[in-house]
Amino acid sequence: MQTPTDEKSRHERARLLVAIAVFSVLLWQTHIGAFALYPFTILATWFHEMGHGLAALASGARFERLIIYSNGSGVAQLLLPADRFRVTDAIISAFGPLGPAIAGAGLIVSSRSQRATRIALAVLGAVLLVSTLVWVRSLTGWLVLPPLGIAILAIAWKGSAAVRHFAIQFLGVQAGISVWRQFDYLFSRGGVGPGQLSDTAAIAQVLFLPFWVWGAIISALTAGLLWWSFRLAFRR
Numbered sequence: 006m007q008t009p010t011d012e013k014s015r016h017e018r019a020r021l022l023v024a025i026a027v028f029s030v031l032l033w034q035t036h037i038g039a040f041a042l043y044p045f046t047i048l049a050t051w052f053h054e055m056g057h058g059l060a061a062l063a064s065g066a067r068f069e070r071l072i073i074y075s076n077g078s079g080v081a082q083l084l085l086p087a088d089r090f091r092v093t094d095a096i097i098s099a100f101g102p103l104g105p106a107i108a109g110a111g112l113i114v115s116s117r118s119q120r121a122t123r124i125a126l127a128v129l130g131a132v133l134l135v136s137t138l139v140w141v142r143s144l145t146g147w148l149v150l151p152p153l154g155i156a157i158l159a160i161a162w163k164g165s166a167a168v169r170h171f172a173i174q175f176l177g178v179q180a181g182i183s184v185w186r187q188f189d190y191l192f193s194r195g196g197v198g199p200g201q202l203s204d205t206a207a208i209a210q211v212l213f214l215p216f217w218v219w220g221a222i223i224s225a226l227t228a229g230l231l232w233w234s235f236r237l238a239f240r241r
């Protein structure tokens, strides 16, 4: 039976996670904030670039390597078949920002049960380690990602139920909001390097609507996924 105290505690946890999400996004927009959140900046980049890479693999392309730079930016280097459908490029571009939001929603929802929470933490920690071995080819990635993966695995197997519960929700939120690490990126044409397109500009090249419309659509979908996952995770 649900007590008023349980209800209050659940609402307080939800408000805390929302506050962390908003605070993280705001901090990321400043140099000092990005430095303070540096491990999570690198984690956000990993989520984003893995979204591109896994979407490429699913489409039959090759995911060659993942490079994370010391400034927190990154790139997934892909080998795409010449005879691919053009819409494939749009899908791969979209999964950079949307893939982490989907994964984050799944992590948050997994917090509904202790068993699912432990499994989700173990899977996330293992994927961090395996993806580093297979794809990451930069010193920054090797310095930051394996310790994060090991820490997450330690929480999965040694952490208390309360710690695991908060950790999976926190990591889910971090994955979900990674799309807004550089808020203006979604609403710009330029990518990481000279001559590169942003994800939304790459989508616009194929699907015709302006890049800023795709930025708004991706933001709305991300917010919707977070809202849905919170409703499910904190439901009675």
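So the sequence shown is numbered by our numbering: it starts at 6 and just counts up by one. Even for Gly, the Cβ is constructed at its ideal location relative to N, Cα and C.
Discussion item. Taking the straight line between their C-alpha atoms, what separation do you get for residue 117 and residue 210?
Written reply: For the purposes of this step, residue 117 is taken as residue 112 along the sequence shown, with counting starting at 1. For the purposes of this step, residue 210 is taken as residue 205 along the sequence shown, with counting starting at 1. Using only the alpha carbons, I get a separation of about 40 Å.
Practice prompt. Specify the secondary structure class of residue 164 as computed by DSSP and reduced to three states.
Written response: Locating residue 164 in the sequence shown gives position 159, counting from the first residue. Reduced to three states, the DSSP call for residue 164 is coil.
Worksheet entry | Identified DSSP bridge partners for residue 80 | Within the sequence shown, residue 80 is the residue found at index 75, counting from 1. In the DSSP output, where bridge partners are listed per residue, residue 80 has 72.
Worksheet item: If you check the beta carbons only, do residue 29 and residue 208 fall under 8 Å apart?
Response: Indexing the sequence shown from 1 puts residue 29 at position 24. Indexing the sequence shown from 1 puts residue 208 at position 203. No, they are not a contact pair.
Discussion item. Just verifying my parser: in three-state terms, what is the DSSP assignment at residue 85?
Written reply: Reading the sequence shown from its first residue, position 80 is the one you call residue 85. Coil at residue 85, not helix or strand.
Discussion item. Within 10 Å of its beta-carbon, does residue 75 have 16 or more other beta-carbons around it, so buried, or fewer, so exposed?
Written reply: Taking the sequence shown and counting its residues from 1, one reaches residue 75 at position 70. It counts as exposed.
Discussion item. Between the alpha carbons of residue 144 and residue 33, how many angstroms are there, rounded?
Written reply: In the sequence shown, the residue the question calls residue 144 occupies position 139. In the sequence shown, the residue the question calls residue 33 occupies position 28. Cα to Cα, the separation comes out at about 22 Å.
Discussion item. Going by C-alpha to C-alpha distance, which of 159, 86, 106, 168 sits closest to residue 226?
Written reply: For the purposes of this step, residue 226 is identified with residue 221 of the sequence shown, where counting begins at 1. Residue 226 has its Cα closest to that of 106, out of 159, 86, 106, 168.
Worksheet item: Just how far apart, CA to CA, sit residue 155 and residue 147?
Response: As a working mapping, residue 155 is identified with position 150 in the sequence shown. As a working mapping, residue 147 is identified with position 142 in the sequence shown. So the alpha carbons of these two residues sit roughly 12 Å apart.
Practice prompt. Compare the C-alpha of residue 191 against each of 174, 36, 224 and name the closest.
Written response: Here residue 191 refers to the residue found at position 186 of the sequence shown. Taking only the C-alpha atoms, the option nearest residue 191 is 224.
Worksheet item: Cα separation between residue 103 and residue 184?
Response: Along the sequence shown, read from residue 1 onward, the residue named residue 103 stands at position 98. Along the sequence shown, read from residue 1 onward, the residue named residue 184 stands at position 179. Each residue's alpha carbon lies about 8 Å from the other.
Item to complete: Report the option in 175, 206, 214, 231 whose CA atom is closest to the CA atom of residue 45.
Response: The residue labelled residue 45 in the question sits at position 40 within the sequence shown. For the residues 175, 206, 214, 231, the minimum Cα distance to residue 45 belongs to 175.
Worksheet item: Can you name, in chain order, every residue of its own chain whose Cβ lies under 7 Å from the Cβ of residue 123, other than the five neighbours on each side?
Response: As a working mapping, residue 123 is identified with position 118 in the sequence shown. 161, 169.
Practice prompt. Inspect the beta-carbon positions of residue 238 and residue 80 and report whether they are closer than 8 Å.
Written response: In the sequence shown, counting from the first residue as 1, residue 238 sits at position 233. In the sequence shown, counting from the first residue as 1, residue 80 sits at position 75. In this structure, residue 80 does not lie closer than 8 Å to residue 238 by Cβ.
Practice prompt. Have a look at the DSSP bridge pairing and note the partners of residue 67.
Written response: Along the sequence shown, one-based indexing puts residue 67 at 62. Paired residue(s): 84.
Fill in: Alpha carbon of residue 193 to alpha carbon of residue 216, nearest angstrom
By 1-based counting over the sequence shown, the position of residue 193 is 188. By 1-based counting over the sequence shown, the position of residue 216 is 211. So the two alpha carbons sit approximately 7 Å from each other.
Worksheet item: Buried or exposed: residue 20, going by 16 or more other Cβ atoms within 10 Å of its Cβ?
Response: The residue labelled residue 20 in the question sits at position 15 within the sequence shown. With fewer than 16 Cβ atoms within 10 Å of its Cβ, residue 20 is classed as exposed.
Practice prompt. For residue 240, count neighbouring Cβ atoms within 10 angstroms of its own Cβ and tell me buried if that reaches 16, exposed if not.
Written response: Sequence index remark: in the sequence shown, residue 240 carries index 235 (1-based). Under this definition residue 240 is an exposed residue.
Practice prompt. Compare the Cα-Cα distances from residue 69 to each of 136, 172, 110, 89 and report the closest residue.
Written response: The sequence position of residue 69 within the sequence shown is 64, counting from 1. Closest option to residue 69, Cα to Cα, is 136.
Worksheet item: If you compare alpha carbons, which of 178, 130, 101 is closest to residue 149?
Response: Taking the first residue of the sequence shown as position 1, residue 149 is located at position 144. The option with the nearest alpha carbon to residue 149 is 130.
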